[in-house]
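Visitor: Residue numbers (the UniProt record's numbering): 1 to 543. Note that beta-carbon positions come from the ideal geometry of N, C-alpha and C, so glycine has one too. Note that the coordinates shown come from a computational prediction; the quantities given were computed from them, not determined experimentally.
#1: In the structure shown, what three-state DSSP assignment does residue 518 receive?
#2: Does the region 457 to 475 come into contact with the region 208 to 223, if we say contact requires no fewer than three beta-carbon pairs (one atom in each stretch) closer than 8 Å?
#3: Write down the C-beta distance between residue 167 and residue 200 rounded to the nearest angstrom, noting that I regard them as a contact closer than 8 Å.
#4: For residue 440, tell me which candidate among 422, 260 and 404 has the shortest Cα-Cα distance.
#5: What residues in its chain sit with their C-beta under 8 Å from that of residue 295, if we drop five residues either side in the sequence?
#6: For residue 533, does the three-state DSSP call read helix, strand or coil?
#7: Do you know offhand how far residue 528's Cα is from residue 522's?
#8: In whole angstroms, what is the alpha-carbon distance linking residue 134 and residue 451?
#9: Take residue 474 as the anchor and find which of 268, 490, 354 and 264 has the nearest alpha-carbon.
#10: In whole angstroms, what is the alpha-carbon distance linking residue 375 and residue 159?
#11: Answer yes or no: do residue 383 and residue 364 have a C-beta to C-beta separation smaller than 8 Å?
#12: In the DSSP assignment, what residue or residues form a beta bridge with residue 437?
#13: Skipping 5 residues on each side, what residues in its chain have a beta carbon closer than 6 Å to that of residue 367?
#14: Three Cβ pairs or more, each shorter than 8 Å: is that satisfied between the region 204 to 212 and the region 466 to 473?
#15: Using a Cβ-Cβ cutoff of less than 7 Å, which residues in the same chain neighbour residue 317 once the five nearest sequence positions on both sides are dropped?
#16: Helix, strand or coil for residue 406 per DSSP?
#17: Along the chain, where does the alpha helix (DSSP H) that runs through residue 507 open and close?
#18: Check this for me: beta carbons of residue 453 and residue 304, under 8 Å apart or not?
#19: According to DSSP, which residues form a beta bridge with residue 365?
#20: What do you get for residue 117, buried or exposed, if any count of 16 or more other CB atoms within 10 angstroms of its CB means buried?
#21: Which one of 260, 320 and 236 has the shortest CA to CA distance from residue 251?
#22: Rounding to the nearest angstrom, what Cα-Cα distance links residue 497 and residue 429 in this structure?
#23: Of the residues 165, 230 and 314, which one's Cα is nearest the Cα of residue 377?
#24: Can you tell me the Cα-Cα spacing of residue 325 and residue 229, whole angstroms?
#25: By DSSP, does residue 192 sit in helix, in strand, or in coil?
#26: In whole angstroms, give me the CA-to-CA distance for residue 421 and residue 226.
#27: How would you call residue 261, buried or exposed, if buried means at least 16 neighbouring beta carbons within 10 angstroms?
#28: Under DSSP, the beta strand (DSSP E) around residue 303 begins and ends at which residues?
#29: With residue 476 as the anchor, note down where its beta strand (DSSP E) starts and where it stops.
#30: Between which two residues does the beta strand (DSSP E) containing residue 177 stretch?
#31: Return the chain-ordered list of same chain residues with a C-beta closer than 7 Å to the C-beta of residue 96, the five sequence neighbours on each side being excluded.
#32: Buried or exposed: where does residue 235 fall if 16 or more other Cβ atoms within 10 Å of its Cβ makes it buried?
#33: Kindly indicate which residue of 532, 494, 115 and 511 has the alpha-carbon position closest to the one of residue 391.
#34: At the level of alpha carbons, what is the spacing between residue 308 and residue 536?
#35: With distances taken Cα to Cα, identify the nearest neighbour of residue 423 among 489, 539 and 290.
#36: Less than 8 Å between the beta carbons of residue 629 and residue 406, yes or no?
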């Protein structure tokens, strides 16, 4: 068994005390002995499956600890550097084809081929990189970038050198959120809380022109898994648990929401009851155990919360007057995808901007390091982790375009008892949500010099034209690569004609097999209203 231990950080920040940071991949909301299902607010489109109340099962090998105190799964581990331990529950050595991270089939390969090995209608797959280079990978297929200067915060002198309209816009859109858990800090009469980054996605414009009260914020699914999902947040009210926004009038300013937020949309099981996953080349790990042909619980790390403010004063204060400054969207969520570009265009791209609330800093952090003075360039797509990337039809790995299954490495836990929906195995980056596991899947992207610290989970990334690129959920620390989910995906077929990625759009909807999106739920519940993002929504039953 080849064990590859990588430093992989899940970028949310569970707080236990000022001097310690523990990564939690916990998805049980920990409010009552009974599991509360996270029902999206559309009564016509309930979340499936419906798990029965059950405690989180204990994997036999490795054994994660209590999800509310940080789990220690095998590599790559969404936790702290060097915290990986244990071995996967599989004794076989699978064949990975060209994707074996211990081998580099392109060490001496000069890309001279005139024809692709197969045809694809996806530009990124059916095109070649003319100036293809192979980074200096170590034996684990990672470029070790070493220690680097600290990231720039927007309240520092260094920010003046790199300040631009992209970062300033992200600053206006973004907030630090803190979500109490029903667990007290050691020796302190205060709740532990989850900290992450959220940003304005939409709001409903009142017909009378008053300041909006109904708002929608995007963040990671793993950031909000400890929310109270009961109706109206009744359990949170009884227990005194808060949902807070930070960095309002100044970085240390905190505002407690009068009304507990609702989970409006979560990106899980949105393509039907089950999906089939196939690798671009070679084989996935554990194909003899895990049924990739029938994956029943699956998710992307994206969620939308709905906040109903008490009155205009509260709304203006917490949103920093956002609706007055932005009566129309500056950041766009296009229906296009990175794979609509050629491989050459992807390799040449250097315009990714990210801002989030990393670490314990009260001020936002950007994906630039102290000493950088170039304001008109952001991050590149990362080719620093070989085994994450998919290949184009010419056998070249496409920089920064990842299959999320590869990010799990060769780690999988076998559960003592199947979950209520029949899940028998769990991967390190799975979600524990409302009594069940959900597998991270599909297309992801990665940026160089973007390994923002815990707390930056949920950070929005945009390009130089203010188009949303994705939402950050973690990083691979050895190479300083940031890991993000994309809001859209193209249907990608491999050389055998099997589906590798699905067609979907989490914001706008419209994927071939997609059953719901943020847009579909919004149109169902706010028919005839005016949306900041979409404009006038159609009336129900309108032609």
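Guide: Reading from the atomic positions:
#1: Here residue 518 is taken as the residue at index 518 of the chain shown, counted from 1. DSSP places residue 518 in helix when its eight states are reduced to three.
#2: yes
#3: The sequence position of residue 167 within the chain shown is 167, counting from 1. The sequence position of residue 200 within the chain shown is 200, counting from 1. The pair is not a contact, with the Cβ atoms about 16 Å apart (cut-off 8 Å).
#4: One-based indexing of the chain shown puts residue 440 at position 440. For residue 440, the nearest C-alpha among the options comes from 404.
#5: Taking the first residue of the chain shown as 1, we reach residue 295 at position 295. The residues are 274, 275, 276, 277, 439 and 441.
#6: To locate residue 533, count along the chain shown from 1; it is residue 533. In this structure, residue 533 counts as coil in the three-state DSSP scheme.
#7: In the chain shown, counting from the first residue as 1, residue 528 sits at position 528. In the chain shown, counting from the first residue as 1, residue 522 sits at position 522. Approximately 10 Å, taken between the alpha carbons.
#8: On the chain shown, residue 134 is found 134 positions in, with the first residue counted as 1. On the chain shown, residue 451 is found 451 positions in, with the first residue counted as 1. Those two C-alpha atoms are separated by around 22 Å.
#9: For the purposes of this step, residue 474 is taken as the residue at position 474 of the chain shown. Nearest C-alpha to residue 474: 354.
#10: Taking the first residue of the chain shown as position 1, residue 375 is located at position 375. Taking the first residue of the chain shown as position 1, residue 159 is located at position 159. Approximately 9 Å, taken between the alpha carbons.
#11: Sequence index remark: in the chain shown, residue 383 carries index 383 (1-based). Sequence index remark: in the chain shown, residue 364 carries index 364 (1-based). The answer is no: Cβ separation not under 8 Å.
#12: Against the chain shown, residue 437 aligns to sequence position 437. Note: residue 437 sits in a beta bridge opposite 432.
#13: Translated into positions along the chain shown, residue 367 becomes position 367. If we look at residue 367 and ignore the five residues flanking it on each side, its Cβ neighbours are 354, 379 and 450.
#14: no
#15: What you label residue 317 is simply residue 317 of the chain shown in a count that begins at 1. Contacts found: 248 and 255.
#16: As a first step, residue 406 is located in the chain shown; it is residue number 406 there, counting from the start. Helix, per DSSP.
#17: For the purposes of this step, residue 507 is taken as residue 507 along the chain shown, with counting starting at 1. Element bounds for residue 507: n/a, residue is neither H nor E.
#18: Along the chain shown, one-based indexing puts residue 453 at 453. Along the chain shown, one-based indexing puts residue 304 at 304. For residue 453 and residue 304, no; Cβs fall outside 8 Å.
#19: Along the chain shown, one-based indexing puts residue 365 at 365. Beta-bridge pairing links residue 365 to 153 and 356.
#20: Locating residue 117 in the chain shown gives position 117, where the first residue counts as 1. Answer is exposed; the Cβ neighbour count stays below 16.
#21: In the chain shown, residue 251 corresponds to position 251, counting from 1. When each option's Cα is compared against that of residue 251, the closest is 320.
#22: Within the chain shown, residue 497 is the residue found at index 497, counting from 1. Within the chain shown, residue 429 is the residue found at index 429, counting from 1. Whole-angstrom Cα-Cα distance: 27 Å.
#23: Residue mapping note: residue 377 aligns to position 377 of the chain shown, counting from 1. Ranking 165, 230 and 314 by Cα distance to residue 377 puts 165 first.
#24: Along the chain shown, one-based indexing puts residue 325 at 325. Along the chain shown, one-based indexing puts residue 229 at 229. Each residue's Cα considered, the two are about 32 Å apart.
#25: In the chain shown, counting from the first residue as 1, residue 192 sits at position 192. Residue 192 falls in the strand class under three-state DSSP.
#26: Working through the chain shown from its first residue, we reach residue 421 at position 421. Working through the chain shown from its first residue, we reach residue 226 at position 226. Cα to Cα, residue 421 sits roughly 21 Å from residue 226.
#27: Residue numbering aside, residue 261 sits at position 261 when the chain shown is read from its first letter. Classification for residue 261: buried.
#28: Against the chain shown, residue 303 aligns to sequence position 303. Its beta strand (DSSP E) spans residues 298 to 308.
#29: As a first step, residue 476 is located in the chain shown; it is residue number 476 there, counting from the start. It spans 468 to 476 - the beta strand (DSSP E) in which residue 476 sits, taken as one unbroken run.
#30: Position 177 of the chain shown holds residue 177. Where residue 177 is concerned, the enclosing beta strand (DSSP E) stretches over 174 to 184.
#31: As a working note, residue 96 is residue 96 in the chain shown. Any answer about residue 96 is weak, because its pLDDT of 40 lies below 50 and its placement is not dependable; what the coordinates show is given next. Closer than 7 Å at Cβ, skipping near neighbours: 282 and 283.
#32: Residue 235 sits at position 235 when you count from the first residue of the chain shown. When all chains shown are included, residue 235 counts as buried.
#33: Taking the chain shown and counting its residues from 1, one reaches residue 391 at position 391. Ranking 532, 494, 115 and 511 by Cα distance to residue 391 puts 494 first.
#34: Mapped onto the chain shown, residue 308 falls at position 308. Mapped onto the chain shown, residue 536 falls at position 536. Taking the straight line joining both Cα atoms gives about 20 Å.
#35: In the chain shown, residue 423 corresponds to position 423, counting from 1. Cα-wise, what sits closest to residue 423 is 290.
#36: Since the first residue of the chain shown is 1 and the last is 543, residue 629 is not available in this structure.
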